[in-house]
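Chains as they are written, first to last, in this note's numbering: chain X, 2 to 475; chain B, 106 to 302. Beta carbons: idealized from backbone N, C-alpha and C, even for Gly.
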């Protein structure tokens, strides 16, 4: 019987296999940031252990970093201490660090791929659930807790119980104006926030193959919101073209050997998935969330659902709680929901293509009165690229705020937060209660929907802008 | 890690599904660099409501959390486990846990027990009718018992053994250091390195 992509990558990393024990897997790349690592380094120190493979480890600062006045000392002393702790730990243990102010600093899941460190067939871990992002390259990438961070630092391995495999096949082509974000939100709404639990999802089919690397990262990024630890897409020419020439991509004969291996990383025709889901791309439309978990979403053209329409009692209760928290009423058209904040950024949608898409819609238009729009590039490199293309000007001329790179309002660990009762359209990944600030209300959207929403002041798709002004170049 | 064999205590019924890690411990608590002191952050937003179940006088000192399905969804923050433990919970019962949270809990000696929703419903009704009722979670026998309720639960043998013994994963793995070195010796040269050594 053939093997799936996930099984092939798993098998290639087994250090030790023994009856009745989890497999011990080798980890090719360990990404660190300031939030989930301090207690792990502490553990090493207490036990007199070192970092086994500093050459497979890299750290950056992202969760706490301010997006304004980055040349000044960080105002919040607790945030400052956490960043200083990371700097001290990296210096003590010999770990490469890209701190605030460094040209390679940024959201950890944006930094790894852009340096060419994320490659097909690798195992990639990080103390962050959105590590699934790296699966876009055909890597087996998953988030881990701090105890596991310590384990990887000390041993470069992890004992792992096997995953089950799920195929999500997206047939056909995405209609115009429908993005990777709409697709993944629709997938999560379909399988539920717990539907992927215990699985590695492989996204496949024509619509997936046609996506750019950045769009594939958006898809894999949100696998965790369906409960899956990891999402993967088989590497192909799009993947290789993205990687070639990047700083850490293989060179010369190594490149040829790597590509030869990478081409074997496809699910065999005889392989069987434990579960299969099929989606018709042509049926999709811009998608937004109305509730307080990423599975509570609907097409933008729909209305806020009636909790009574849910048959499952816990889903019904969850919908009731969500509407109460979100300040919405059943039957209200989603398009009529007014927002006060728009956030473009995060490891889900903070890459250059996302900024280009939002800027294309904002060019020559204005952010609606009373709406605050924050644009936070995923990394310093993304920011520099955007400036080179003049996108920063497009944003500021439209009335949006152009900020420095980091996680920012995705989780509000820095000063970028919603105030109680404020409502956002956000290109991030979680609409949990209070995620973007205590009492804040979040609607997850694509960068295109975010831009259209900023202009109109209520949830809107790019098509709704046609009577405001024709987008440039159309 | 603290060993877990058996525990008996009063319960807190948390009738909510999809209790995500941002509810268990909000992000601003994650700036701490220690593993303790998270108890006041546990369910911080909900605890502002005096009627929230954790604030009720009859629930003080309870050590068994009985939660709705999909408990612990969201981020990988192990702080969620530490917060539950710092507050005093020894075990959490639910019909379904998010993967990363489950893994984190078992690595810290917080026993997460999966039971069918109908058993969770029965435990909710029991403790709501009488908050002094005690629930016993026995890892040796893999059994949850309470007046009128007796339910077996599953946990893979390896995880159970580590919990019963209170074993530290890193020292177990380091017994196989030779296997790691042998694997490292045959890794392909095209695999990337973060440092030039």
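Residue i: contacting residues in chain X (beta-carbon distance under 7 Å)
i                      : result
residue 300 of chain B : 55, 56 and 97
Neighbour-count burial assignment, residue i, 16 or more Cβ in a 10 Å radius
i                      : result
residue 48 of chain X  : exposed
residue 46 of chain X  : exposed
residue 408 of chain X : buried
residue 151 of chain X : buried
residue 271 of chain X : exposed
residue 153 of chain B : exposed
residue 252 of chain B : exposed
residue 72 of chain X  : exposed
residue 76 of chain X  : exposed
residue 272 of chain B : exposed
residue 62 of chain X  : buried
residue 210 of chain B : buried
residue 69 of chain X  : exposed
residue 212 of chain B : buried
residue 333 of chain X : exposed
residue 161 of chain X : buried
residue 291 of chain B : exposed
residue 280 of chain B : exposed
residue 39 of chain X  : buried
residue 474 of chain X : With a pLDDT of only 43 at residue 474 of chain X, under 50, the local geometry of the prediction cannot be trusted, and the value read off the model is given with reservation. Classification for residue 474 of chain X: exposed.
residue 392 of chain X : buried
residue 471 of chain X : Caution applies to residue 471 of chain X, whose pLDDT of 48 falls short of 50 and renders its modelled position unreliable; the value that the coordinates give is listed next. By the 10 Å Cβ count, residue 471 of chain X comes out exposed.
residue 413 of chain X : buried
residue 89 of chain X  : exposed
Beta-carbon contacts of residue i that lie in its chain and below 7 Å, excluding the five residues immediately before and after
i                      : result
residue 184 of chain B : 130, 134, 135 and 143
residue 147 of chain B : 129, 130, 188, 189 and 192
residue 454 of chain X : 340, 343, 426, 446, 460 and 461
residue 337 of chain X : 459
Backbone secondary structure at residue i - three-state DSSP
i                      : result
residue 408 of chain X : coil
residue 192 of chain X : helix
residue 206 of chain B : helix
residue 304 of chain X : strand
residue 298 of chain X : strand
residue 152 of chain X : helix
residue 471 of chain X : In this prediction, residue 471 of chain X scores a pLDDT of 48, lower than 50, which makes its location untrustworthy; the coordinate-derived value is nonetheless stated afterwards. In the structure shown, residue 471 of chain X sits in coil (DSSP, three-state: anything other than H, G, I, E or B).
residue 374 of chain X : strand
residue 267 of chain B : helix
residue 239 of chain B : strand
residue 67 of chain X  : coil
residue 141 of chain B : coil
residue 48 of chain X  : coil
residue 211 of chain X : coil
residue 133 of chain B : helix
residue 160 of chain X : strand
residue 136 of chain X : helix
residue 3 of chain X   : coil
Close beta carbons around residue i, own chain, < 8 Å, minus the five adjacent residues each side
i                      : result
residue 258 of chain B : 218, 219, 220, 247, 248 and 249
residue 139 of chain X : 6, 10, 121, 122, 233, 234, 235, 236, 240, 263 and 266
residue 124 of chain B : 172, 173, 175, 176, 177 and 178
Chain B residues whose Cβ lies nearer than 8 Å to that of residue i
i                      : result
residue 312 of chain X : Result: empty, since nearest Cβ-Cβ is about 14 Å, beyond 8 Å.
residue 223 of chain X : Those within 8 Å of residue 223 of chain X in chain B number zero; the least Cβ separation is about 12 Å.
residue 439 of chain X : 131 and 150
Beta-carbon neighbours of residue i, restricted to chain X and to distances below 8 Å
i                      : result
residue 221 of chain B : In chain order: nothing, as chain X lies at least about 13 Å away.
residue 111 of chain B : What residue 111 of chain B touches in chain X: nothing, since even the nearest Cβ is about 23 Å away.
residue 212 of chain B : 146, 148 and 149
Proximal chain B residues relative to residue i, where beta-carbon distance stays under 7 Å
i                      : result
residue 251 of chain X : 295
residue 240 of chain X : Within chain B, no residue comes near residue 240 of chain X; the closest Cβ sits about 15 Å away, beyond 7 Å.
residue 158 of chain X : 278 and 285
residue 65 of chain X  : 136
residue 22 of chain X  : 263
residue 80 of chain X  : 136
residue 120 of chain X : 297
Per-residue contacts from residue i into chain B (C-beta, under 9 Å)
i                      : result
residue 436 of chain X : 125, 127, 131, 132 and 179
residue 258 of chain X : 293, 294 and 295
Beta-carbon proximity list for residue i, same chain, < 6 Å, skipping 5 on both sides
i                      : result
residue 287 of chain X : 183, 301, 450 and 462
residue 368 of chain X : 374, 399, 400, 401 and 455
* Can at least three beta-carbon pairs, one atom from the stretch 241-254 of chain X and one from the stretch 141-159 of chain X, be found at a separation below 8 Å? -> no
* Decide if the stretch 338-354 of chain X is in contact with the stretch 394-413 of chain X; the criterion is three or more beta carbon pairs, one per stretch, under 8 Å apart. => yes
* Can we say the stretch 106-113 of chain B touches the stretch 421-430 of chain X, given the rule of at least three CB pairs closer than 8 Å? -> no
* To do: Indicate whether the contact test is met: 3 or more Cβ pairs, each with one atom in the stretch 309-325 of chain X and one in the stretch 348-358 of chain X, closer than 8 Å.
  => no
* Can we say the stretch 182-197 of chain X touches the stretch 275-290 of chain X, given the rule of at least three CB pairs closer than 8 Å? -> yes
* To do: Would you check if there are 3 or more beta carbon pairs closer than 8 Å linking the stretch 97-108 of chain X to the stretch 380-399 of chain X?
  => yes
* Can we say the stretch 232-242 of chain B touches the stretch 113-122 of chain B, given the rule of at least three CB pairs closer than 8 Å? -> yes
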